[in-house]
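Okay, structure first, notes after.
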Amino acid sequence: MWAGKLVLISLAGVQCILYPPPVLELLESVPVVLIFKGNETHINDNTTDLIRVIPVPVVVISATTMKLLNHVRKDFVAIALFSDIPERVPQMVLSSMEYLERSRIIFVFRKSSSLFAKQYFFRQCFKMGLLNAIMVSFDPEQADKVQILTYMPFKDMKLVDLSNESSAAGLFPEKLRNFNKFPISTVFRSDYPRTFKQVDGNGNILIRGYLGRMLVNFIERNNGTLLDYRLHKYFRQETFEDLISSGKIDTAPHFEQPTPGQRIDCFSFGRMNAMVVVPQLSKVPRFLYLLKPFDWALWIALAVFLFYASVVEYLIGSLIWKRFALSEAFTNVYLGMLFQGIKRSAFSRWQFSIIHGQIILLGFVMVNFYLAQLSSYLTATLYEAPPQTYEEIRQSGLKIMARNKSLRLYLKSGVIPDEYKDLYVAAPLEVLSAHVFLLNTSYAYAILEDRVKLLKELQKDFRRPIFYPTKILISEVFGIRPTRRTWVMIEKLNQFASRLFDCGILLKWLKDAVTAGRYHIRNLDELEYIDRHSTAVPLNINHMTFCWYCLIFGLGFACVCFALEIVIHFYLGNH
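Numbering-wise, our numbering puts 321 at position 329 of the sequence shown, and it's gapless, one number per residue.
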């Protein structure tokens, strides 16, 4: 990259030009001069002498256009020389200075033109984003008569004569100090918590949301006028992008995710996580409440201990009493684990006392823990644990709804594993927002972090959340504000947003928008599946179903053990 400032000279039939002192001072202060030659351009003796006098390196480019973005910084100065004032800004200048429109540029014309032609040319400069443009025009008959003009865009286009400026510093005055009620066009839509409209007690429509407030404060601070572009049909994301590209709106207080490799020309709000939130699953059947106090690993551990202790007591009993009583050993251990009474003979020997002492102590602890957990479960409605991984989401039968544009970027960047791409369903942003903020539990949702915060705030008064964030972090994205590239106020708005971000005001507005969005989103009271109240649930037949299953299984197992003991006793008696 070429350091420092740069001068771009585009020549088109220029003859006998005497440069004013401010321009010469500017040329002598830059480290590099770039000469861009158009198709009809030739370098005359005057210009050659000028190049020889300037104590800086000179680079001559003979192509029609050259993309300067990757070679220069934004603080360069461009000088374009033409014979007459064209009707439009030359395309070779616009193409070369793409994404560098806010840089300083001096148009030098050999022939003087009418005031109307100069005003019209400056209007084209303003439309194409060339805010820091000045015009130097010469009179061929009076070589010493040079006019230097620039324009002030607000409120009406006004030309300013800089011919009496004696230094290069005065060639580029500040033009964005006061917008003078100049209209700034935008479009608002319900995009919680970024932008939404709210009606106060007096019937006034207020702009809420952290990005909406940022734009409104920017316009009010600079004495501008907010122009809300009204749409007469259903709003789609494609419509929004068309409004930006066609220049019907200047900027929009919304959050956009740039595509990979896209040139970002506006302030980025930093990283924001794209996350997956899932709804609570189906209710746990009442008869399974008896199993919920302990997880399956603990139940398995207790079953293994029951089997192990029964086998140990059976073997010790066989050695001491010389008889086989497996069912009796199992019953003694089982009653001890339930903290129930055991017959005195179980403690007649020290070997049995060691076994049953440990069992009774274990039973005392486990039974009290179990009853405490069970009593709390009977006063609430239990749901299955929400999935946390892609595989668990697949097993639950849910699909993940994502915004169509974001999903295309995720698939293109490869952040979604190939085996789980079929879990995603694309939807327009409006459809996704409607599903999320009406708490539709038919889908899981891929949303950004600020909306996850609003979703948590919506559920703050619920007895239990309806949606839960998962462990799935799809990607970290940079959020940008959609803005027309050639809008002259883009850098000033970027500086304003940067100051808000640095001092924490933007974060404060985000918290305010989350709280305001919670009260602004309607129809929460109409949702039938929200279990808000903590009321006791009376025991019914559904609670006892598992008990009946256990009783039937226990009686059947006892019959099998009884029959087995009869067979063993009969077999031993005959031998």
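Cβ coordinates follow ideal geometry from the N, Cα and C atoms, glycine included. Here the structure is a predicted model, which means the values were calculated and not measured.
Sort 433, 352, 172 by Cα distance to residue 327 and report the nearest one.
-> The residue labelled residue 327 in the question sits at position 335 within the sequence shown. That would be 352, whose Cα lies nearest to the Cα of residue 327.
Whole beta strand (DSSP E) runs in the region 375 to 414 with 3 or more residues, listed along the chain?
-> 392 to 395
Cα separation between residue 490 and residue 182?
-> For the purposes of this step, residue 490 is identified with residue 498 of the sequence shown, where counting begins at 1. For the purposes of this step, residue 182 is identified with residue 190 of the sequence shown, where counting begins at 1. Approximately 24 angstroms, taken between the alpha carbons.
Go ahead and label residue 130 buried or exposed: buried means 16 or more other beta carbons lie within 10 angstroms of its beta carbon, across all protein chains shown.
-> The residue given as residue 130 occupies position 138 in the sequence shown. Counting Cβ neighbours within 10 Å, residue 130 comes out buried, since at least 16 surround it.
When burial is assigned at 16 or more other CB atoms within 10 Å of the CB, is residue 561 buried or exposed?
-> Residue numbering aside, residue 561 sits at position 569 when the sequence shown is read from its first letter. Residue 561 comes out exposed.
When every heavy atom of the ligand MN is checked, does at least one fall within less than 7 angstroms of the C-beta of residue 455?
-> Among the ligands in the structure shown, none appear at all, so the ligand MN cannot be discussed.
Can the beta-carbon of residue 245 be found less than 8 angstroms from the beta-carbon of residue 207?
-> In the sequence shown, counting from the first residue as 1, residue 245 sits at position 253. In the sequence shown, counting from the first residue as 1, residue 207 sits at position 215. Their beta carbons are under 8 angstroms apart, which means residue 245 touches residue 207 by this criterion.
Under 6 angstroms Cβ to Cβ from residue 282, same chain only, skipping five residues before and after it: list those, please.
-> Counting from 1 along the sequence shown, the entry for residue 282 is found at position 290. Correct list, in chain order: 538.
Find the nearest neighbour of residue 96 within the set 118, 68, 74, 199, judged by alpha-carbon distance.
-> Position 104 of the sequence shown, counted from the start, is the residue given in the question as residue 96. Nearest C-alpha to residue 96: 68.
Going by other Cβ atoms of all chains shown within 10 Å of its Cβ, with 16 needed for buried, is residue 145 buried or exposed?
-> On the sequence shown, position 153 is the one that residue 145 refers to. With 16 or more other Cβ atoms within 10 Å, it is buried.
Own chain partners of residue 382 with C-beta closer than 6 angstroms, once the 5 adjacent residues on each side are dropped | The residue given as residue 382 occupies position 390 in the sequence shown. For residue 382, where only same-chain residues beyond five positions count, the Cβ hits under 6 angstroms are 412.
Check whether residue 164 and residue 127 have beta carbons under 8 angstroms apart = Translated into the one-based positions of the sequence shown, residue 164 becomes position 172. Translated into the one-based positions of the sequence shown, residue 127 becomes position 135. No, the Cβ-Cβ distance between residue 164 and residue 127 is not below 8 angstroms.
Report the option in 463, 112, 437, 429 whose CA atom is closest to the CA atom of residue 450.
-> Against the sequence shown, residue 450 aligns to sequence position 458. Of 463, 112, 437, 429, the residue nearest in Cα terms is 429.
Continuous beta strand (DSSP E) assignments of at least 3 residues falling wholly in the region 406 to 460 = 416 to 419, 436 to 440
Could you work out which residue in 160, 264, 205 is closest to residue 441 when comparing CA atoms only?
-> The residue you call residue 441 lines up with position 449 of the sequence shown. Per the Cα distances, 264.
Leaving out five residues on either side along the sequence, give the residues of the same chain with a beta carbon under 8 angstroms from the beta carbon of residue 519.
-> The sequence position of residue 519 within the sequence shown is 527, counting from 1. In this prediction, residue 519 scores a pLDDT of 42, lower than 50, which makes its location untrustworthy; the coordinate-derived value is nonetheless stated afterwards. 430, 431.
Buried versus exposed call for residue 324 [16 or more other C-beta atoms within 10 Å across all chains shown] = By 1-based counting over the sequence shown, the position of residue 324 is 332. With 16 or more other Cβ atoms within 10 Å, it is buried.
Would you decide whether residue 80 is buried or exposed? Buried here means 16 or more other CB atoms lie within 10 Å of its CB.
-> Residue mapping note: residue 80 aligns to position 88 of the sequence shown, counting from 1. When all chains shown are included, residue 80 counts as exposed.
For residue 186, the nearest candidate out of 179, 268, 205, 417 (CA to CA) = Here residue 186 corresponds to residue number 194 of the sequence shown, with the count starting at 1. Here the closest residue by C-alpha is 205.
Grab me the residues of residue 360's own chain with a C-beta within less than 8 angstroms of its C-beta, minus the 5 sequence neighbours each way, in chain order.
-> On the sequence shown, position 368 is the one that residue 360 refers to. Excluding positions up to five away in sequence, the list is empty.
Consult DSSP for residue 548 and reduce its assignment to one of helix, strand or coil.
-> By 1-based counting over the sequence shown, the position of residue 548 is 556. If DSSP states are grouped into helix, strand and coil, residue 548 belongs with the helices.
Quick one, are the C-beta atoms of residue 268 and residue 458 less than 8 angstroms apart?
-> The residue given as residue 268 occupies position 276 in the sequence shown. The residue given as residue 458 occupies position 466 in the sequence shown. Taking 8 angstroms as the Cβ cut-off, residue 268 and residue 458 do not qualify as a contacting pair.
DSSP state of residue 81, grouped into three classes?
-> As a working note, residue 81 is residue 89 in the sequence shown. Coil at residue 81, not helix or strand.
Given a cut-off of 8 angstroms, decide if residue 421 and residue 395 are closer than it, judged by their beta-carbon atoms.
-> The count along the sequence shown starts at 1 and reaches residue 395 at position 403. The count along the sequence shown starts at 1 and reaches residue 421 at position 429. Going by C-beta atoms, residue 395 is nearer than 8 angstroms to residue 421.
Identify the continuous beta strand (DSSP E) that holds residue 103 and give its terminal residues.
-> In the sequence shown, the residue the question calls residue 103 occupies position 111. Careful: residue 103 lies outside any beta strand (DSSP E) and carries neither H nor E.
Nearest-angstrom Cα distance between residue 65 and residue 482?
-> Looking up residue 65 in the sequence shown gives position 73. Looking up residue 482 in the sequence shown gives position 490. Each residue's Cα considered, the two are about 17 angstroms apart.
For residue 368, which of helix, strand or coil comes out of DSSP?
-> Here residue 368 refers to the residue found at position 376 of the sequence shown. It is helical.
Which of helix, strand or coil does DSSP assign to residue 121?
-> Position 129 of the sequence shown holds residue 121. Looking at residue 121 - three-state DSSP - the assignment turns out to be coil, as it is neither helix nor strand.
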